[in-house]
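Peer 1: Have a look at this one before I ask anything.
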Amino acid sequence: MSAIFPGADWLQAFEQKLNTDERYGQIASKWEGDMYFIIEPEGNLKSQTVMYLDLWHGKCRGSEIVADITSHNPAFTLKAGYVNFARVLKGELDPMQAMLTRKLDVKGNMAVMMRNVPTVLDFVRCAREITTETL
Amino acid sequence: MQPILKINLSSREIETFTIPPAWERDYLGGSSLAARILWDTLALSLDPLSAAAPLLILNGPLSGTAGPTVGRFVVCGKSPATGLWAESNCGGFFGPELRQAGYDGIWLTGKADKPVYLWIHDRNIEIRPAESLWGLDTYQLQDAINDEIKRQEEQETGQPENRKTGIRVLGIGPAGEAQIPYALLLCDHGRVAGRTGLGAVMGSKNVKAVAVRGTGKVPVFDPAAYAPLRSAANLALKSDPMTSVMSSLGSAGAADYFNYLGEQPKKYFSAGTLEDADKISGASIAETILVGKTACHSCVIACGRVVRLDDGAKRKGPEYETLVGFGPNLGLTDPVTATRLGELCDRYGVDVISMSGTIGLAFRLYELGFIGTKDTGGLDLSWGNAAAAESCIHLALKREGFGQILSKGAKALAEHFGAPGEAIQVNGLELAYHDPRGASGMAIVYATSPRGGCHNQSDYFLADIGQVDASLGLEFFDRHAGAEKAANVAKHQDFRTVNNALVLCVFANVPPETMLELVNAACGYDLTLEDFLRCGERAWNLKRLINLKLGLTRAGDTLPAPLLRTLEDGGAAGYVIPFDKMMAAYYTARNWDANSGKPNSNKLSELGILGLAQEAGL
Chain A
1 MSAIFPGADW LQAFEQKLNT DERYGQIASK WEGDMYFIIE PEGNLKSQTV
51 MYLDLWHGKC RGSEIVADIT SHNPAFTLKA GYVNFARVLK GELDPMQAML
101 TRKLDVKGNM AVMMRNVPTV LDFVRCAREI TTETL
Chain B
136 MQPILKINLS SREIETFTIP PAWERDYLGG SSLAARILWD TLALSLDPLS
186 AAAPLLILNG PLSGTAGPTV GRFVVCGKSP ATGLWAESNC GGFFGPELRQ
236 AGYDGIWLTG KADKPVYLWI HDRNIEIRPA ESLWGLDTYQ LQDAINDEIK
286 RQEEQETGQP ENRKTGIRVL GIGPAGEAQI PYALLLCDHG RVAGRTGLGA
336 VMGSKNVKAV AVRGTGKVPV FDPAAYAPLR SAANLALKSD PMTSVMSSLG
386 SAGAADYFNY LGEQPKKYFS AGTLEDADKI SGASIAETIL VGKTACHSCV
436 IACGRVVRLD DGAKRKGPEY ETLVGFGPNL GLTDPVTATR LGELCDRYGV
486 DVISMSGTIG LAFRLYELGF IGTKDTGGLD LSWGNAAAAE SCIHLALKRE
536 GFGQILSKGA KALAEHFGAP GEAIQVNGLE LAYHDPRGAS GMAIVYATSP
586 RGGCHNQSDY FLADIGQVDA SLGLEFFDRH AGAEKAANVA KHQDFRTVNN
636 ALVLCVFANV PPETMLELVN AACGYDLTLE DFLRCGERAW NLKRLINLKL
686 GLTRAGDTLP APLLRTLEDG GAAGYVIPFD KMMAAYYTAR NWDANSGKPN
736 SNKLSELGIL GLAQEAGL
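Residue numbers (my numbering), protein chains in the order written: chain A, 1 to 135; chain B, 136 to 753.
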């Protein structure tokens with residue numbers, strides 16, 4: 001399947017990957033928390049795109065591209081411009097580096113986030129592995 | 136900057152020292168400027184605990200201006216622990232209060248014939264008797280001085296003194312009085328100038344404390360330009376993800392991650408994993424004993440922890456170094472124990488890194504068979520024995536029995552028991568709890584820090600996980616990269632030297648461009664980022680020259696042997712630091728001679744300090 005980021009096909013492929021990847025399932029077995037990806041228009045992305053992922057105990061229970069940002073109140077929000085999201089997915093930007101250099105804004109319970117950095121890093125690995133193209 | 140108050144405690148002469156404007160511009164402030172001011176004074180033959188030794192407390196050009204985490208000050212001199220350059224910066228409110236009193240520094244020389252404390256209220260200076268204060272711990276001391284001054288003012292005015300506080304006390308505990316070589320200075324809610332033993336220097340001068348109250352305005356060159364910059368910088372800092380981590384979880388916010396990376400030491404750097412190590416983190420504290428937070432002057436982060444233990448009392452919670460030093464370092468995983476042992480160190484007035492590092496070494500030597508119960512007075516120094524660790528603190532501070540050798544620090548302890556290579560120290564200073572096998576840049580940082588094994592001259596462990604500002608030309612290298620990152624480390628050191636000149640908290644993720652704008656507005660400069668880094672590089676090289684004057688040689692640029700061996704498990708398992716290659720690349724990047732470790736003449740000339748080197752015969 002062609003998985004161009006960001007888009008419905010990419011999100012579907014990502015959900016499938018998270019639900020079938022054995023390593024992610026193990027590492028994220030204690031993770032409880034849904035998430036927004038808020039991708040701000042930049043480069044070839046002309047309007048804001050918001051993706052929702054419901055992550056629970058190593059599985060993705062659902063995902064959607066959200067038209068109304070108020071439709072969910074997720075535990076975590078990751079927000080960045082399109083270019084930096086794409087660089088993370090292409091392996092050009094380390095996700096921790098993105099956060100520490102103010103390229104990626106993270107909102108949510110930081111205790112949970114810092115307790116689960118390995119989960120976050122493996123989550124990014126899965127996203128990278130299904131990303132075939134960016135805009 | 137404002138004048139420095141210069142006090143000769145032997146003669147009780149008080150004068151002011153005006154900082155030459157060229158020095159201010161070349162060194163900015165803080166420890167960089169202190170190095171220039173003390174250059175002439177520091178010599179190999181100078182006993183750091185003698186009357187002739189200086190103790191310089193200094194602000195930065197932004198101290199007290201309510202900029203982003205700039206309410207700090209630094210204490211400098213010659214270290215009784217290392218014999219080398221000493222600096223240790225500190226938060227709280229003392230520095231801004233001193234600025235408001237009209238001074239940007241206090242330069243102590245000489246020795247009082249009896250214990251004294253200094254009372255500086257605006258431009259009024261008093262040297263007061265402190266015999267009744269001698270022996271008090273660092274928190275009792277603050278209360279006693281506040282009470283004394285309040286009582287006196289009530290008597291003078293005939294009115295009850297309703298001021299909540301308004302007096303800031305920087306003082307020493309019994310450890311400083313006893314001149315323990317790793318004694319600290321403490322102010323406010325447990326904010327410390329902890330490293331390099333400057334509390335002992337203050338104690339050697341018979342000075343128990345400096346109390347300050349200032350009511351004046353903090354000078355800013357262009358207030359109209361500065362105010363909006365400051366507000367914007369604080370707002371940006373407040374919304375930074377790192378701030379969010381530090382604010383909600385304290386300085387141990389990343390402890391879980393460091394544990395995962397194998398960067399958090401276990402059992403005195405001898406193990407890569409420890410069961411229940413995840414109980415030692417900012418998140419763990421937040422989930423169990425945390426009841427509040429504290430902040431230094433005008434800080435939007437508030438990394439200070441307030442915890443409540445079984446006795447019901449609120450107290451300072453442990454930051455990262457205390458949590459690990461009195462945690463996994465000793466085979467312990469209980470935040471309550473770390474809190475209690477950290478508080479004990481604060482009250483006695485000793486540096487938690489040096490104290491816990493020395494005790495960690497004792498535990499390790501016990502495990503290896505260099506020490507037995509006949510040496511310890513019966514103490515069982517097995518990993519995880521919290522009661523034994525507490526006994527070690529008491530014994531060291533009283534210099535009783537086994538404590539006599541503990542009181543001298545890790546290097547002396549290891550030498551005493553015939554295992555000099557086992558001490559995790561560089562040039563006499565015990566390393567902080569960031570294992571360079573988990574973040575290799577720290578290998579160079581520890582080996583070349585101007586104050587010994589220190590993590591605050593460059594917190595490269597953060598650069599090794601991605602905190603690198605491209606505007607400075609810094610790059611992101613893999614945490615296990617080798618010589619290729621040496622030039623990057625040097626540049627990061629220069630940048631953090633600027634931080635330490637501004638006495639900016641390292642926990643603040645402030646963009647360098649923002650810092651530059653603030654400095655230019657506050658001081659009336661037109662510096663560029665390149666100038667900024669040059670100021671850092673100049674000070675780094677000047678401190679190198681000071682240490683060469685004080686007897687440092689190339690052989691001092693080293694790492695303890697245990698860190699050059701591999702760990703068997705954990706996130707850094709199997710990794711060998713390519714130390715020699717990294718150091719060779721570092722000398723090239725620094726333009727230092729690889730054999731002597733001395734900065735080359737053309738580098739010193741470029742930085743404008745060749746003349747100083749020549750006059751010192753270097």
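Positions of the beta carbon are idealized from the N, C-alpha and C atoms, including for glycine.
How about the segment 69 to 78 of chain A and the segment 100 to 116 of chain A: do they share at least three Cβ pairs that are nearer than 8 Å?
Peer 2: Cβ pair count under 8 Å is three or more, so yes.
Peer 1: Can you tell which of Arg499(B), Pro189(B), Glu535(B) has its C-alpha closest to the C-alpha of glycine 245(B)?
Peer 2: Here the closest residue by C-alpha is Pro189(B).
Peer 1: Between which two residues does the beta strand (DSSP E) containing threonine 244(B) stretch?
Peer 2: Threonine 244(B) -> beta strand (DSSP E) spans 240 to 244.
Peer 1: Any beta carbon from chain B within less than 8 Å of methionine 99(A)'s own beta carbon?
Peer 2: True, the Cβ-Cβ gap to chain B drops below 8 Å.
Peer 1: Give me, in chain order, the residues of the same chain whose beta-carbon lies closer than 6 Å to that of arginine 326(B); leave out the 5 immediate sequence neighbours on both sides.
Peer 2: Hits under 6 Å: Cys225, Gly226, Gly227.
Peer 1: Output the distance between the C-alpha atoms of proline 585(B) and glutamine 592(B), rounded to the nearest integer angstrom.
Peer 2: Whole-angstrom Cα-Cα distance: 8 Å.
Peer 1: At 3 residues or longer, and completely inside the segment 218 to 270 of chain B: list those beta strand (DSSP E) runs for me, N to C.
Peer 2: With a minimum length of 3 residues, the continuous beta strand (DSSP E) runs that stay inside the segment 218 to 270 of chain B are 220 to 225, 240 to 244, 251 to 256, 259 to 264.
Peer 1: Mind checking the segment 593 to 614 of chain B against chain A and listing, in chain order, the residues whose C-beta falls within less than 8 Å of any C-beta there?
Peer 2: The segment 593 to 614 of chain B vs chain A, Cβ under 8 Å: Leu597, Ile600, Gly601, Gln602, Val603, Asp604, Ala605, Phe611.
Peer 1: What's the C-alpha gap between glycine 746(B) and glycine 752(B)?
Peer 2: Rounded to the nearest angstrom, the two C-alpha atoms are 10 Å apart.
Peer 1: Quick check: is the beta carbon of methionine 718(B) nearer than 8 Å to any beta carbon in chain A?
Peer 2: Methionine 718(B) does not count as touching chain A.
Peer 1: If you reduce the DSSP assignment to three classes, tell me which class leucine 53(A) lands in.
Peer 2: In this structure, leucine 53(A) counts as strand in the three-state DSSP scheme.
Peer 1: Per the DSSP calculation, proline 6(A) is bridged to which residue(s)?
Peer 2: Answer by DSSP bridge pairing: none, since proline 6(A) is not bridged.
Peer 1: For the segment 232 to 242 of chain B against the segment 356 to 368 of chain B, are there 3 or more C-beta pairs whose distance is under 8 Å?
Peer 2: No, because fewer than three Cβ pairs between the segment 232 to 242 of chain B and the segment 356 to 368 of chain B fall closer than 8 Å, the two stretches do not touch.
Peer 1: Sort out for me which residues DSSP pairs aspartate 105(A) with in a bridge.
Peer 2: DSSP, once it has assigned bridges, lists Lys79(A) as partnering aspartate 105(A).
Peer 1: Is glutamate 672(B) helix, strand or coil by DSSP?
Peer 2: Helix, per DSSP.
Peer 1: CB-CB under 6 Å to cysteine 431(B), same chain, minus the five flanking residues each way: which ones, in chain order?
Peer 2: Result list for cysteine 431(B): Gly206, Gly226, Gly227, in chain order.
Peer 1: Across which residues does DSSP place arginine 440(B) in a beta bridge pair?
Peer 2: Lys428(B), per the DSSP bridge assignment.
Peer 1: How is tryptophan 158(B) classed by DSSP in three states: helix, strand or coil?
Peer 2: Correct three-state label for tryptophan 158(B): helix.
Peer 1: Pairing CB atoms from the segment 490 to 503 of chain B with CB atoms from the segment 402 to 411 of chain B, are three or more of them under 8 Å?
Peer 2: The segment 490 to 503 of chain B is in contact with the segment 402 to 411 of chain B.
Peer 1: When the cut-off is 8 Å and only beta carbons count, does alanine 80(A) lie next to chain B?
Peer 2: Taking Cβ atoms only, chain B never reaches closer than 8 Å to alanine 80(A), which makes this a no.
Peer 1: Within the continuous beta strand (DSSP E) that includes phenylalanine 208(B), where are the two ends?
Peer 2: First-last of the beta strand (DSSP E) with phenylalanine 208(B): 208 to 213.
Peer 1: If we cut at 8 Å on Cβ distances, does glycine 743(B) have a partner in chain A?
Peer 2: So no, glycine 743(B) is outside the interface.
Peer 1: Does any residue of chain A have a CB that is nearer than 8 Å to the CB of glutamate 454(B)?
Peer 2: Chain A, which has no Cβ nearer than 8 Å to the Cβ of glutamate 454(B), makes this no.
Peer 1: Mind checking which residues open and close the beta strand (DSSP E) that includes glutamate 148(B)?
Peer 2: Looking at the DSSP string, the run of the beta strand (DSSP E) that includes glutamate 148(B) is 148 to 152.
Peer 1: Based on Cα-Cα distance, which residue from Ala247(B), Gly240(B), Ile302(B) lies nearest to histidine 256(B)?
Peer 2: Closest by alpha carbon: Ile302(B).
Peer 1: Where does the unbroken alpha helix (DSSP H) through tyrosine 403(B) begin, and where does it stop?
Peer 2: No alpha helix (DSSP H) holds tyrosine 403(B); DSSP gives it neither H nor E.
Peer 1: I need the DSSP call for tyrosine 274(B), collapsed to helix, strand or coil.
Peer 2: Correct three-state label for tyrosine 274(B): helix.
Peer 1: Could you tell me whether the segment 540 to 550 of chain B touches the segment 360 to 380 of chain B, using the rule of 3 or more Cβ pairs below 8 Å?
Peer 2: Too few Cβ pairs lie closer than 8 Å, so no.
Peer 1: Mind listing, in chain order, the continuous alpha helix (DSSP H) runs of no fewer than 4 residues lying wholly within the segment 480 to 527 of chain B?
Peer 2: Those alpha helix (DSSP H) runs which fall completely within the segment 480 to 527 of chain B and span 4+ residues are 487 to 503, 508 to 511.
Peer 1: Under three-state DSSP, which class holds arginine 534(B)?
Peer 2: Coil, per DSSP.
Peer 1: Consider the Cβ of glutamate 312(B): report whether some Cβ of chain A lies at a distance smaller than 8 Å.
Peer 2: Not an interface residue.
Peer 1: Where does cysteine 589(B) sit, in a helix, a strand or coil, going by DSSP?
Peer 2: Coil at cysteine 589(B), not helix or strand.
Peer 1: Suppose you measure from the CA of arginine 440(B) to the CA of cysteine 322(B); what does that come to, to the nearest Å?
Peer 2: Whole-angstrom Cα-Cα distance: 16 Å.
Peer 1: If you draw a straight line from the alpha carbon of lysine 738(B) to that of tryptophan 727(B), how long is it in whole angstroms?
Peer 2: Computed Cα separation, rounded: 8 Å.
Peer 1: Rounded to whole angstroms, what's the CA-CA distance from arginine 330(B) to threonine 583(B)? Just pull it up for me.
Peer 2: Distance between the alpha carbons of arginine 330(B) and threonine 583(B): 16 Å.
Peer 1: Any contact between the segment 43 to 62 of chain A and the segment 80 to 87 of chain A? By contact I mean 3 or more CB pairs, one from each, below 8 Å.
Peer 2: In short, these stretches touch, since the Cβ pair count reaches three.
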